[in-house]
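J.: Handing you this structure, nothing more for now.
There are 2 protein chains.
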Amino acid sequence: MTYTLEQVAKIAGVSRSTVSRVINQQPHVRPQVQERVWEAIRQVGYQPHAAARSLATSRTHVIGMIIPEAVPTLFTDPFFPLLLRGATEACNSHRYQLMLSLFIPGADRQEIYRRILRSGYLDGAIVASASLDDSLVPNLLRDRIPFVSVGRYPNGRVHYVDADNINGARMAVEHLIRLGHRRIATITGPLDMIAGQDRLSGYRQALEGRGIPVEEELIVEGDFSENGGMAAMQRLLPASPSAVFVASDTMAVGALKALRQAGWRVPQDIALVSFDDIPIASAIEPALTTVRQPIERMGAMAVAVLLSLLEDSSGEESPVQRIVMPTELVIRASCGSALSRS
Amino acid sequence: MTYTLEQVAKIAGVSRSTVSRVINQQPHVRPQVQERVWEAIRQVGYQPHAAARSLATSRTHVIGMIIPEAVPTLFTDPFFPLLLRGATEACNSHRYQLMLSLFIPGADRQEIYRRILRSGYLDGAIVASASLDDSLVPNLLRDRIPFVSVGRYPNGRVHYVDADNINGARMAVEHLIRLGHRRIATITGPLDMIAGQDRLSGYRQALEGRGIPVEEELIVEGDFSENGGMAAMQRLLPASPSAVFVASDTMAVGALKALRQAGWRVPQDIALVSFDDIPIASAIEPALTTVRQPIERMGAMAVAVLLSLLEDSSGEESPVQRIVMPTELVIRASCGSALSRS
DNA sequence: ACACGTTTTGGGAGCGCTCCCAATTTGATT
DNA sequence: AATCAAATTGGGAGCGCTCCCAAAACGTGT
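From first to last, the protein sequence lines stand for chains D and F. Basically our numbering = 1-based index in the first sequence + 6. Basically our numbering = 1-based index in the second sequence + 6.
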């Protein structure tokens with residue numbers, strides 16, 4: 007048996023409106039009456055009907071997590087799961103719900119977009135790692151759907167949360183420089199993603215900061231996948247760098263395989279530093295020196311920013327929130343470093 | 007500007023009802039009128055309002071993915087992400103949405119349960135890896151909420167989808183026996199999870215099937231985590247088994263560390279077989295021989311079963327669906343096996 | 001041209017809630 | 001005891017859709 011407001015009201019001997027006020031913690035209900043209403047609610051285990059509420063308030067208390075591309079690594083890499091976990095926990099504690107949407111290549115994106123974003127299912131959305139030329143962000147902007155991007159989005163009035171990829175990469179490469187390396191290569195992420203671009207910028211900044219010339223033959227584009235990392239490393243071998251900054255741990259695993267095949271030892275023959283600090287980074291031999299980003303906190307932060315947009319019913323253009331969270335260099339064995347010096 | 011049925015109807019020169027019929031593909035609308043209506047819909051980009059629909063039909067077209075415990079490994083291990091991915095894709099293609107709920111320890115489970123499951127947000131739910139003594143499943147049963155469990159649930163009228171853990175484990179252990187091992191230990195999963203129990207059953211069955219006595223000192227309980235695997239392996243060392251069946255890859259990584267510390271070589275001194283085939287299994291040295299389960303397909307199957315329950319509005323007790331999906335042994339280096347023989 | 005059965009169409013009611021306004025009660029003040 | 005403002009309460013309207021039933025239109029056979 008499922009009860010309605012009206013029935014609870016009858017049991018408590020008050021009107022619909024009064025019960026509604028009690029539930030929504032509105033003022034103007036005598037404490038004594040409140041008590042009676044709560045008692046009735048408890049008695050029948052009343053739970054307000056979400057759809058009816060939404061219809062009346064045009065708020066659903068649901069936010070969407072939108073993944074525009076099923077990047078191959080997206081589900082084997084813990085980035086996305088951790089982001090999801092952070093976001094879900096934050097939602098839980100604010101009494102919001104998280105709805106998950108994958109915009110899988112091949113699916114009818116138009117159709118999905120309309121069904122999810124324009125049917126009033128969601129109060130707002132979190133967009134994870136959109137590529138820069140994806141139409142999703144422009145569409146959301148056009149339809150005035152409140153959203154937050156996880157991953158920097160330089161153009162337009164886009165609220166975002168990101169890790170400090172530039173400084174993280176810079177720290178990683180500076181560490182290699184400090185260890186005496188001069189011929190430092192990099193395997194980048196896909197350069198149509200801002201994370202790929204930013205990590206490359208950090209690499210350049212580190213070299214330029216120390217007056218080391220950037221050689222284009224030492225820069226190879228990868229795709230954040232293990233195979234991509236392996237292929238990139240193979241292309242890099244002829245240039246014989248003394249160290250490599252790999253833009254993700256997953257690619258570093260591939261690079262390691264390529265090096266092993268070619269008979270190079272890490273870190274003796276070549277030093278490796280990567281990015282992400284996923285569990286495999288410490289499980290593998292040699293353990294990877296890598297840049298850690300606070301993924302779970304980024305998920306929670308994205309929710310917090312989105313909710314602030316939703317609460318702020320002033321209607322008008324709130325200032326754009328751009329949040330960059332600090333990254334941290336975790337030193338292990340693959341750079342052949344501090345461990346041996348300290 | 008967002009349009010309603012009524013407004014679209016006016017544009018098409020028909021009534022609300024007719025537009026509703028067209029959208030829901032009901033009969034009794036002349037083709038010529040249908041065309042006019044579709045034209046109007048297209049013209050204004052009309053999208054039905056989800057909440058209004060739900061209120062009228064008491065169907066939301068949303069199903070929930072409920073994770074009862076935030077098992078530590080749950081988000082670093084790709085099991086859950088892959089399950090999610092399979093489920094999400096299946097939802098997409100049936101025009102359903104997936105809502106994600108974590109029942110995080112410490113959160114007010116009662117409150118979350120009521121808010122999510124009893125407010126009419128969901129048409130049904132998928133429950134992932136519930137522990138056997140969790141109250142979630144009994145509650146769902148009591149509240150008559152349609153749901154499917156991912157993970158076998160032996161008691162009661164519970165629909166479930168699971169991997170064939172028993173046979174998978176049996177195959178793994180039989181492989182070790184075939185390689186000549188007799189003193190085979192196991193590191194189990196948590197035994198309050200049915201997956202933990204079943205993998206242990208498979209281990210026992212394999213031994214018993216070959217007439218090898220099961221020795222309790224060779225059975226150690228782990229918890230599916232890396233640290234748990236390491237600790238379990240350490241407890242196992244004094245019994246000096248010649249092979250170990252570890253109930254998950256993640257635990258195998260831990261076990262490997264323990265063995266390395268103790269100076270045992272794998273597979274020369276001890277053979278290892280594990281379960282799951284997550285990416286780390288092939289990235290690590292030695293690559294793990296392991297049992298693969300079709301996680302993504304299990305997610306999709308869970309959705310399919312749930313939708314079949316939802317469609318079947320006959321109301322009454324549909325026969326319980328118990329689906330067990332085949333597992334497969336993937337032979338690599340850690341068992342010191344076929345590779346050297348073939 | 002009429003009657004009758006069938007198909008197509010329109011509109012009222014209702015899903016369960018919130019919001020607003022008007023009616024009622026309360027209580028402080030004279 | 002009467003007055004008035006403020007606090008409290010009740011009920012109508014409406015959110016946007018579906019469902020049902022009755023009305024209208026259509027088509028066939030006489």
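Don't be surprised by glycine CBs; every beta carbon is placed ideally from N, CA and C. Everything numeric in this text was worked out from a predicted model, so none of it was measured.
Under 7 Å between beta-carbons, which chain D residues line up against F/Phe86? List them in chain order, please.
T.: The contact set of F/Phe86 on chain D, defined by CB atoms closer than 7 Å, consists of Pro87 in chain order.
J.: To which residues of the same chain is F/Ser348 closer than 8 Å at the C-beta, ignoring the five residues directly before and after it?
T.: Note on F/Ser348: pLDDT 31, under 50, position unreliable in the model; the coordinate value appears next. If we look at F/Ser348 and ignore the five residues flanking it on each side, it has no Cβ neighbours.
J.: Would you list the residues sitting across from F/Thr296 in a DSSP beta bridge?
T.: Answer by DSSP bridge pairing, in chain order: F/Ser280 and F/Val336.
J.: Nearest to D/Pro87 by alpha carbon, out of D/Pro332, D/Gln53, D/Tyr127 and D/Ala134?
T.: That would be D/Ala134, whose Cα lies nearest to the Cα of D/Pro87.
J.: Heavy atom of the ligand FMN less than 7 Å from the Cβ of F/Pro144, yes or no?
T.: As presented, the structure is devoid of all ligands, the ligand FMN included, so that no description of it is given.
J.: Return yes when the Cβ of D/Ser280 is within less than 8 Å of the Cβ of D/Val254, no when it is not.
T.: The question names Val, but residue 254 of chain D in the sequence shown is Ser. Their beta carbons are under 8 Å apart, which means D/Ser254 touches D/Ser280 by this criterion.
J.: Compare the Cα-Cα distances from D/Ile17 to each of D/Pro37, D/Val50, D/Met7 and D/Ile301 and report the closest residue.
T.: D/Val50
J.: In chain D, which residues lie with their C-beta within 7 Å of the C-beta of F/Glu291?
T.: Glu291
J.: Please classify F/Asn173: is it buried, with 16 or more other beta-carbons within 10 angstroms of its beta-carbon, or exposed?
T.: buried
J.: I need the DSSP call for F/His181, collapsed to helix, strand or coil.
T.: helix
J.: Check whether the Cβ atoms of D/Ile349 and D/Pro84 sit closer than 8 Å, and answer yes or no.
T.: The shown model of chain D, from 7 to 348, leaves out residue 349 of chain D, and the question about it has no answer.
J.: Count the other CB atoms within 10 Å of the CB of D/Leu345; is the residue buried (16 or more) or exposed (fewer)?
T.: Confidence in D/Leu345 is poor, its pLDDT being 47 and thus under 50, which makes the residue's placement too unreliable to answer from.
J.: Using a Cβ cut-off of 8 Å (strictly closer), state whether F/Leu345 contacts chain D.
T.: Low per-residue confidence applies at F/Leu345: pLDDT is 47, beneath 50, and the placement is therefore not dependable, though the value from the model is reported in the following sentence. No, no contact with chain D.
J.: Can you tell me which residues form a DSSP beta bridge with F/Gln103?
T.: F/Val68
J.: Given that a residue counts as buried once 16 or more other Cβ atoms are within 10 Å of its Cβ, and exposed if not, what is F/Ala62?
T.: exposed
J.: What residues from chain D crowd round F/Gly126, counting only those whose CB sits closer than 7 Å?
T.: His55, Ala56 and Ala57
J.: State the Cα-Cα distance for the pair D/Pro292 and F/Met239, rounded to the nearest angstrom.
T.: So the two alpha carbons sit approximately 22 Å from each other.
J.: What residues in the region 136 to 161 of chain F have a beta carbon less than 9 Å from any beta carbon of chain D?
T.: From the region 136 to 161 of chain F, no residue has a Cβ closer than 9 Å to chain D.
J.: Going by other Cβ atoms of all chains shown within 10 Å of its Cβ, with 16 needed for buried, is F/Asn161 buried or exposed?
T.: exposed
J.: What separation, rounded to the nearest whole angstrom, lies between the Cα atoms of F/Arg271 and D/Met236?
T.: Using only the alpha carbons, I get a separation of about 27 Å.
J.: Please list, in chain order, all residues of the same chain as D/His187 whose beta carbon is under 7 Å from its beta carbon, the five residues on each side excluded.
T.: Ser248, Ala249 and Ala277
J.: By how many angstroms is the C-alpha of F/Asp139 removed from the C-alpha of F/Pro325?
T.: 24 Å
J.: To the nearest angstrom, how far is it from the Cα of F/Val68 to the Cα of F/Ala57?
T.: Between the alpha carbons of F/Val68 and F/Ala57 lies a gap of roughly 11 Å.
J.: Quick check on this structure: which residue in D/Asn171, D/Val154 and D/Ala175 has the alpha carbon closest to the alpha carbon of D/His165?
T.: D/Val154
J.: Cα separation between D/Val179 and D/Gly195?
T.: Approximately 15 Å, taken between the alpha carbons.
J.: Where does F/Ile218 sit, in a helix, a strand or coil, going by DSSP?
T.: coil
J.: Which complete beta strand (DSSP E) runs does the region 196 to 279 of chain D hold, if anything under 3 residues is left out?
T.: 225 to 227 and 249 to 252
J.: Between the region 219 to 230 of chain F and the region 140 to 154 of chain F, do three or more beta carbon pairs fall short of 8 Å?
T.: no
J.: Closest to D/Ser99 by CA distance: which of D/Arg184, D/Lys263 and D/Leu313 is it?
T.: D/Leu313
J.: What's the gap between the Cα of D/Gly202 and the Cα of D/Val252?
T.: 11 Å
J.: Any C-beta of chain D sitting closer than 8 Å to the C-beta of F/Ser340?
T.: no
J.: Where does F/Asp129 land, buried or exposed, given buried means 16+ other C-beta within 10 angstroms?
T.: buried
J.: Assign F/Ser346 to one of three DSSP states: helix, strand, or coil.
T.: Unreliable placement is indicated for F/Ser346, whose pLDDT of 41 sits below 50; the coordinate value is still reported in the next sentence. Helix.
J.: Of all the residues that make up the region 237 to 263 of chain F, which are near chain D by a beta-carbon distance shorter than 7 Å?
T.: Contact annotation: in the region 237 to 263 of chain F, residues whose CB is within less than 7 Å of a CB in chain D are Val259.
J.: In chain D, which residues lie with their C-beta within 7 Å of the C-beta of F/Ile286?
T.: Result: Ile286 and Ala289.
J.: Quick check on the DSSP output: the beta strand (DSSP E) that includes D/Ala305 runs from which residue to which?
T.: The question names Ala, but residue 305 of chain D in the sequence shown is Gly. Here D/Gly305 belongs to no beta strand (DSSP E); instead the alpha helix (DSSP H) covers Ile301 to Glu317.
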